[in-house]
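Peer 1: Residue numbers (my numbering): 4 to 105. Ideal placement from N, C-alpha and C gives every residue a C-beta, glycine not left out. Input: one structure, supplied below.
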Amino acid sequence: MKRVTFLLCILFAIATSFVIADMSGIHGTINPADGAKRIWAISGKNTVSGVPSLGAFSLNVRPGNWKLLIEAAKPYKDVVITNIIVEDGRYTNAGEIKLTKD
Numbered sequence: 004m005k006r007v008t009f010l011l012c013i014l015f016a017i018a019t020s021f022v023i024a025d026m027s028g029i030h031g032t033i034n035p036a037d038g039a040k041r042i043w044a045i046s047g048k049n050t051v052s053g054v055p056s057l058g059a060f061s062l063n064v065r066p067g068n069w070k071l072l073i074e075a076a077k078p079y080k081d082v083v084i085t086n087i088i089v090e091d092g093r094y095t096n097a098g099e100i101k102l103t104k105d
């Protein structure tokens, strides 16, 4: 029984490593750190969103051409960034996104 459990753990670890290796996404930071309520990534009919943590964000997305919409908290203005290219198995760094006041 111990051997079967051990083998199942090994198989799970191998399967998980392949899934993690194939992940793609977009990451970056927001300045000021508390200036954004939500980050949206949009590509065609695909939409992914997340809440930044301490000004940082990371979104798992499929490879392709994406647009980021930063939903700003008042008194800051929303920001749209276009043409973010995400390659298979890689994360694209959107860099530091500076928000301006309304």
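Give me the Cβ distance between residue 33 and residue 55, rounded to the nearest whole Å; I'm assuming they're in contact under 8 Å.
Peer 2: Confirmed, Cβ separation roughly 5 Å.
Peer 1: From 98, 73 and 83, pick the residue whose C-alpha is nearest to that of residue 40; which is it?
Peer 2: The candidate whose alpha carbon is nearest that of residue 40 is 73.
Peer 1: Rounding to the nearest angstrom, what Cα-Cα distance links residue 31 and residue 97 in this structure?
Peer 2: Approximately 5 Å between the Cα atoms of the pair.
Peer 1: What does residue 102 pair with, by DSSP beta-bridge criteria?
Peer 2: Residue 102 is not bridged to any residue.
Peer 1: Just how far apart, CA to CA, sit residue 48 and residue 68?
Peer 2: Roughly 12 Å separates the two Cα atoms.
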